[in-house]
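> Supplied in structure tokens, the structure appears directly below.
Number of protein chains: 2
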Amino acid sequence: MGTNRSRQHGIDRWVRDERLGAIYRRPGFMIRRAHQVAIGIFAEECADLDLTPQQHGVLSALARFPGIDQISLGRLLGLDRSTVAGVVGRLSDRGLVRRSVSRVDRRRLLLALRAAGTRALEASHGAAERAQERLLAPLSASERTQFLTLLERVLDEHNPSTRVPVSHGSYADPRMTANALRE
Amino acid sequence: MGTNRSRQHGIDRWVRDERLGAIYRRPGFMIRRAHQVAIGIFAEECADLDLTPQQHGVLSALARFPGIDQISLGRLLGLDRSTVAGVVGRLSDRGLVRRSVSRVDRRRLLLALRAAGTRALEASHGAAERAQERLLAPLSASERTQFLTLLERVLDEHNPSTRVPVSHGSYADPRMTANALRE
DNA sequence: AGGCAATTGACAGTATGCTGACGATAGGCT
DNA sequence: AGCCTATCGTCAGCATACTGTCAATTGCCT
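Quick note, the sequences are listed as chains L and S, same order. Quick note on the working numbering: the first sequence kicks off at 289 and runs consecutively. Quick note on the working numbering: the second sequence kicks off at 289 and runs consecutively.
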């Protein structure tokens with residue numbers, strides 16, 4: 289069974305080096321944990337505004353690409369239609385985002401920030417920065433670069449084969465955009 | 289609006305270098321994507337058995353620690369009570385896991401693999417290996433080590449402050465374990 | 001014009017993960 | 001014994017994320 293021993297930080301060596309290392313050392317497990325940690329930190333920093341990282345991502349994207357439609361927004365963030373509809377729907381319920389059917393293509397639902405959405409985005413800017421800083425705090429500057437470079441390479445390589453590859457596609461159509469921007 | 293240009297791999301430079309880089313370069317975003325990718329790959333490899341990474345994790349942990357209770361299992365995997373109950377419940381419905389109330393402490397729900405669970409775990413071993421291999425395929429051997437080392441450091445540092453820190457705790461109590469093992 | 005395939009959004013269903021509340025149980029303390 | 005607190009499981013509710021299916025719409029091709 290092994291005796292008990294503990295350390296200040298991290299998972300017990302005992303459990304990590306045993307056969308269960310098959311779990312802990314698994315990249316998938318570590319990435320899931322990292323995701324958990326990142327979400328938790330963001331939630332802490334963003335407690336007042338009550339925004340999730342994804343909601344913040346949608347608001348950011350809408351600030352950058354006002355009048356974009358749901359599908360294109362999904363491609364921007366790597367989210368499928370259903371998920372985008374869910375996140376946007378909740379933001380819309382809270383009055384942060386405006387949805388309007390495109391007059392040019394009535395299948396498309398165009399999105400834009402409402403005034404409250406713009407305010408929320410600006411107000412959350414600091415929180416997002418701090419969350420990012422805290423997440424990578426354990427690493428030195430050069431290590432962060434290293435880590436992010438490697439991570440980016442993994443993502444770039446797999447991106448094309450994901451269900452919703454990330455890409456900006458072509459969104460710009462002033463005619464489509466027009467009525468979404470009118471608040 | 290900027291002109292169009294594209295590359296074989298990865299996110300368009302155009303979109304990545306613009307102000308939206310504030311999203312794409314954000315570690316949180318990249319980690320979410322990595323999580324997405326990891327889950328997708330595992331699902332592909334494990335299509336026959338229809339096991340999720342978390343379900344596989346639970347089965348692995350139960351093989352290693354038969355008769356463990358739900359809370360301890362959660363600490364092992366970094367999952368809260370509700371989530372563990374959900375995953376275990378589904379595995380139990382499928383006849384892979386056995387649940388039994390501890391006679392020593394009637395609050396505890398002890399878990400163990402059923403024969404079908406052991407079979408599923410063994411059958412999924414190859415898939416889990418392949419998924420892991422595919423995920424890190426874009427990196428060389430030394431880069432993988434580097435990447436995982438940095439990732440591990442981030443996790444170790446944040447682990448204590450997460451809602452459910454990962455640790456093995458003390459699970460071994462033969463009396464508690466006894467009736468969970470009887471199939 | 002008429003038909004057909006692709007696109008889009010909505011919906012139902014499933015699986016993680018979280019919170020907060022509740023009831024049952026256990027252990028310690030007086 | 002009686003009480004108080006901590007622990008554990010469950011439940012309801014919420015937010016991501018996925019699948020698959022359906023209807024509406026569009027564009028293309030004949």
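Beta carbons are placed, not taken as given, at the ideal position from N, Cα and C, and that holds for glycine.
Go through its chain and collect everything with a Cβ distance to S:P453's Cβ below 8 Å, but skip five positions before and after it.
Excluding positions up to five away in sequence, the list reads R363, G366 and N447.
> Quick one: residues in its chain with C-beta nearer than 8 Å to the C-beta of S:R396, no 5 flanking neighbours on either side, listed in chain order?
Closer than 8 Å at the Cβ level, and outside the excluded window around S:R396, lie D357, Q358, I359, V389, S390 and M464.
> Jot down the residue ranges of each uninterrupted alpha helix (DSSP H) in the region 338-402 of chain S, minimum 4 residues, whole runs only, in chain order.
341-352, 358-365 and 369-381, all fully within the region 338-402 of chain S.
> State yes or no: is the beta carbon of L:R451 nearer than 9 Å to at least one beta carbon in chain S?
With 9 Å as the cut-off, L:R451 counts as an interface residue toward chain S.
> Report yes if the C-beta distance between L:L347 and L:L384 is below 9 Å; otherwise report no.
Contact: yes.
> Span of the alpha helix (DSSP H) holding S:A425?
Careful: S:A425 lies outside any alpha helix (DSSP H) and carries neither H nor E.
> Alpha carbon to alpha carbon, how far is L:L409 from L:H344? Give it in angstroms, no decimals.
If I take the Cα positions, the gap works out to 7 Å.
> Check whether the Cβ of L:I319 lies closer than 9 Å to any Cβ atom in chain S.
Output row for L:I319: interface = yes.
> So is S:Q358 in contact with chain L if we call contact Cβ pairs under 9 Å?
No - not a single Cβ of chain L is within 9 Å of the one on S:Q358.
> Do you know offhand how far S:Q434's Cα is from S:V375's?
Cα to Cα, S:Q434 sits roughly 32 Å from S:V375.
> Is there at least one Cβ from chain L nearer than 9 Å to S:L439's Cβ?
Chain L contact via Cβ: present.
> Using a Cβ-Cβ cutoff of 9 Å, what residues of the region 317-342 of chain S are near chain L? List them in chain order.
Within the region 317-342 of chain S, the residues whose Cβ lies closer than 9 Å to some Cβ of chain L are F317, M318, I319, R320, R321, A322, H323, Q324, V325, A326, I327, G328, I329, F330, P341 and Q342, listed in chain order.
> Mind listing the chain S neighbours of L:G366? Cutoff is C-beta to C-beta under 7 Å, in chain order.
The contacting residues are R321 and Q324.
> In angstroms, rounded to a whole number, what distance separates the CA positions of S:R387 and S:L337?
Distance between the alpha carbons of S:R387 and S:L337: 21 Å.
> Considering just the uninterrupted stretch of the alpha helix (DSSP H) at S:R320, what are its terminal residues?
Here the alpha helix (DSSP H) through S:R320 covers P315 to E333.
> For S:A419, go through chain L and note every residue whose CB falls closer than 8 Å to its CB, in chain order.
Under the 8 Å cutoff, chain L gives G316.
> To be precise: take each residue of the region 397-408 of chain L, compare its Cβ to all Cβ atoms of chain S, and keep it if any distance is under 8 Å. Which residues remain?
So the list is empty, because no residue satisfies the distance condition.
> Could you tell me the distance, in whole angstroms, from the CA atom of S:T340 to the CA atom of L:L443?
Near 21 Å, if we compare the C-alpha coordinates of L:L443 and S:T340.
> For chain S, is any of its Cβ atoms less than 9 Å away from the one on L:A373?
No, because no Cβ of chain S sits closer than 9 Å to the Cβ of L:A373.
> Our contact map puts S:I329 next to S:L424 with C-beta atoms below 8 Å; I'd like the distance itself, whole angstroms only.
Not a contact, Cβ separation roughly 10 Å.
> Using CA coordinates, which residue listed in S:A351, S:R382, S:V392 and S:Q342 is at the minimum distance from S:T371?
Out of S:A351, S:R382, S:V392 and S:Q342, S:Q342 has the C-alpha closest to the C-alpha of S:T371.
> So which residues on chain L does S:E410 lean against when the C-beta distance must stay under 7 Å?
Ordered by position in chain L, no residue passes the 7 Å Cβ test against S:E410, which lies about 13 Å from the chain.
> Taking C-alpha atoms, which residue in S:A326, S:E431, S:S430 and S:A349 lies nearest to S:A415?
When each option's Cα is compared against that of S:A415, the closest is S:A326.
> Any C-beta of chain S sitting closer than 9 Å to the C-beta of L:L361?
No - not a single Cβ of chain S is within 9 Å of the one on L:L361.
> Going by other Cβ atoms of all chains shown within 10 Å of its Cβ, with 16 needed for buried, is L:H413 buried or exposed?
Classification of L:H413: exposed, given that the 10 Å Cβ count is below 16.
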